[in-house]
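> Before anything else, here's the structure in question.
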């Protein structure tokens, strides 16, 4: 009897010891898995294509819940906007699809007067709205925008020809946009639903209020940042190393203010005044081949072909500032309407 009791007690002790070892082993495994998961997270579940949406004066390209939202201001005939998109368009696409970046595209058309039709930027803006609205996918919207900035597609400022609505529709088809979008672009059937002039005015006013001088221009949560040519701005935006959004760590969002990518400055006809704050100097866009030499800084912009010459003011006005009281008003800039009269390129 005594031997039996001792035997049972030993068995119980052994069981307790093995149970303790099993629990300790389980805790070690769980801790290892937790550390491994934190260091090497599982890829996110497939959420399908990233969305795109038309939000009044904004084309929202990407998931609105993405890690980093940026506002990007572009004009479709600006060669410097083309440089930006050619350099970073593909990497931006990857970050958009990975739900790390959402681009709030704010299109402007202040360079309309420098296109052959005097309306190209506005018509390309409308086309981008139609493709985005009909496809509702970031991939398609961004693909169309990138295609319009390709070297073999983007018209030159001051050239004798730009793209017709039919050619814009053909490009939409080439990138795989819905046929409805191509039809709307070609026929102008849905054009009345896209007020390009109001979109331009609202975005220009917002850009000016944030210190913007021209395109390309970008802000993160209202703070401008450097669009450097080596891509550090994009790496910093999507870097997972920071647990807080850049704008929460510094007034400029943790990104230096300014523009290092070539930059097209806004001319007087765009009615945007220069900010009082000092920004790093920007690079004036090169004059198109065959175009007359640019006027000295502070001089009125040349009138588009066919427009009456402006009446000279008795004294030069401060750069991009309102004319002094009593000075003759300059000739009005060409109207940036959604459906301008046909130009030589159409």
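Numbering (my numbering), first residue to last: 931 to 1276. Just so you know, even glycine gets a beta-carbon here, dropped at the ideal spot from N, CA and C.
Residue 1134 to residue 1106, Cα distance in whole Å?
Locating residue 1134 in the chain shown gives position 204, where the first residue counts as 1. Locating residue 1106 in the chain shown gives position 176, where the first residue counts as 1. Looking at the two C-alpha atoms, the distance is approximately 31 Å.
> Rank 978, 1149, 1114 and 1086 by C-alpha distance to the C-alpha of residue 992 and give the top, closest one.
Here residue 992 refers to the residue found at position 62 of the chain shown. Checked all of 978, 1149, 1114 and 1086; the closest Cα to residue 992 is 978.
> Straight-line CA distance for residue 1116 to residue 1072?
As a first step, residue 1116 must be located in the chain shown, where it is residue number 186. As a first step, residue 1072 must be located in the chain shown, where it is residue number 142. Rounded to whole angstroms, the gap between the alpha carbons of residue 1116 and residue 1072 is 20 Å.
> Is it buried or exposed for residue 1002, if we count other Cβ within 10 angstroms and need 16 for buried?
By 1-based counting over the chain shown, the position of residue 1002 is 72. Classification of residue 1002: buried, given that the 10 Å Cβ count is 16 or more.
> On the three-state DSSP scale, how would you describe residue 1050?
Position 120 of the chain shown, counted from the start, is the residue given in the question as residue 1050. Helix.
> For residue 990, count the other beta carbons within 10 Å of its own beta carbon; 16 or more makes it buried, fewer makes it exposed. Which is it?
Your numbering for residue 990 matches position 60 in the chain shown. Looking at its Cβ environment, which holds 16 or more other Cβ atoms inside 10 Å, residue 990 is buried.
> By alpha-carbon positions, which one of 985, 987, 1006 and 996 ends up nearest to residue 1146?
Stepping through the chain shown from its first residue, residue 1146 is reached at position 216. Comparing Cα positions, the closest option is 1006.
> Which value, in whole angstroms, describes the spacing of the CA atoms of residue 1021 and residue 1050?
As a working note, residue 1021 is residue 91 in the chain shown. As a working note, residue 1050 is residue 120 in the chain shown. Cα to Cα, residue 1021 sits roughly 27 Å from residue 1050.
> From 1100, 1163 and 1036, pick the residue whose C-alpha is nearest to that of residue 1138; which is it?
Taking the first residue of the chain shown as position 1, residue 1138 is located at position 208. Nearest C-alpha to residue 1138: 1036.
> From residue 1140 to residue 1086, what does the alpha carbon distance come to, in whole angstroms?
Start at 1 with the first residue of the chain shown, and residue 1140 comes out as number 210. Start at 1 with the first residue of the chain shown, and residue 1086 comes out as number 156. Cα to Cα, residue 1140 sits roughly 28 Å from residue 1086.
> I need the straight-line Cα distance from residue 1122 to residue 1128, nearest angstrom please.
In the chain shown, the residue the question calls residue 1122 occupies position 192. In the chain shown, the residue the question calls residue 1128 occupies position 198. Residue 1122 and residue 1128: Cα-Cα distance of roughly 12 Å.
> For residue 1076, which residues of its own chain have a beta-carbon under 6 Å away from its beta-carbon, when the five flanking residues on both sides are left out?
If you number the chain shown from 1, residue 1076 lands on position 146. Once the five neighbours on either side are set aside, the close Cβ partners of residue 1076 are 1015 and 1019.
> Around the C-beta of residue 1047, are 16 or more other C-beta atoms found within 10 angstroms, so that it is buried, or is it exposed?
Translated into positions along the chain shown, residue 1047 becomes position 117. Buried: at least 16 other Cβ atoms inside 10 Å.
> Given residue 987, which residues of its chain have a CB within under 6 Å of its CB, disregarding the five upstream and five downstream residues?
Here residue 987 refers to the residue found at position 57 of the chain shown. Counting only Cβ-Cβ distances below 6 Å, and skipping sequence neighbours, we find 1129, 1132 and 1133.
> Is residue 1059 near the ligand SAH, in the sense that its beta carbon is under 8 Å from a heavy atom of that ligand?
This structure simply doesn't include the ligand SAH, nor any ligand for that matter.
> Note down the Cα distance separating residue 1101 from residue 1162, rounded to an integer number of angstroms.
The count along the chain shown starts at 1 and reaches residue 1101 at position 171. The count along the chain shown starts at 1 and reaches residue 1162 at position 232. If I take the Cα positions, the gap works out to 31 Å.
> How about residue 1057 and residue 1092: do their beta carbons lie closer than 9 Å?
Along the chain shown, read from residue 1 onward, the residue named residue 1057 stands at position 127. Along the chain shown, read from residue 1 onward, the residue named residue 1092 stands at position 162. No, the Cβ-Cβ distance between residue 1057 and residue 1092 is not below 9 Å.
> With DSSP run on the structure shown, which of helix, strand or coil describes residue 1080?
Walking along the chain shown from the start, residue 1080 turns up at place 150. Residue state, collapsed to three classes: coil.
> Have a look at residue 1029 and residue 1009 and give me their C-alpha separation to the nearest angstrom.
Residue mapping note: residue 1029 aligns to position 99 of the chain shown, counting from 1. Residue mapping note: residue 1009 aligns to position 79 of the chain shown, counting from 1. Rounded to the nearest angstrom, the two C-alpha atoms are 28 Å apart.
> I'd like to know whether the C-beta atoms of residue 982 and residue 1065 end up nearer to each other than 9 Å.
For the purposes of this step, residue 982 is taken as residue 52 along the chain shown, with counting starting at 1. For the purposes of this step, residue 1065 is taken as residue 135 along the chain shown, with counting starting at 1. Yes, the Cβ-Cβ distance between residue 982 and residue 1065 is below 9 Å.
> Mind checking whether residue 1302 and residue 1148 have CB atoms under 9 Å apart?
No information on residue 1302 is available, as it lies outside the stretch 931 to 1276 that the chain covers here.
> Rounded to a whole number of angstroms, what is the C-alpha to C-alpha distance between residue 1156 and residue 1118?
In the chain shown, residue 1156 corresponds to position 226, counting from 1. In the chain shown, residue 1118 corresponds to position 188, counting from 1. Cα-Cα distance, rounded: 37 Å.
> Taking C-alpha atoms, which residue in 1108, 1027 and 1081 lies nearest to residue 1063?
For the purposes of this step, residue 1063 is identified with residue 133 of the chain shown, where counting begins at 1. Checking every option, the nearest Cα to that of residue 1063 belongs to 1108.
> Classify residue 1151 as buried or exposed, calling it buried when 16 or more other Cβ atoms lie within 10 Å of its own Cβ.
If you number the chain shown from 1, residue 1151 lands on position 221. Residue 1151 should be labelled exposed.
> How big is the Cα-Cα spacing for residue 1053 and residue 1126?
Walking along the chain shown from the start, residue 1053 turns up at place 123. Walking along the chain shown from the start, residue 1126 turns up at place 196. Cα to Cα, residue 1053 sits roughly 8 Å from residue 1126.
> For chain B, check one thing: does any of its Cβ atoms lie closer than 9 Å to the Cβ of residue 1034?
As a matter of chain content, chain B is missing from the structure shown, which is built from one protein chain.
> Which residue spans inside the stretch 971 to 1008 form an unbroken beta strand (DSSP E) run of at least 3?
982 to 985, 988 to 991 and 998 to 1005
> Suppose you measure from the CA of residue 1082 to the CA of residue 1060; what does that come to, to the nearest Å?
The sequence position of residue 1082 within the chain shown is 152, counting from 1. The sequence position of residue 1060 within the chain shown is 130, counting from 1. Looking at the two C-alpha atoms, the distance is approximately 22 Å.
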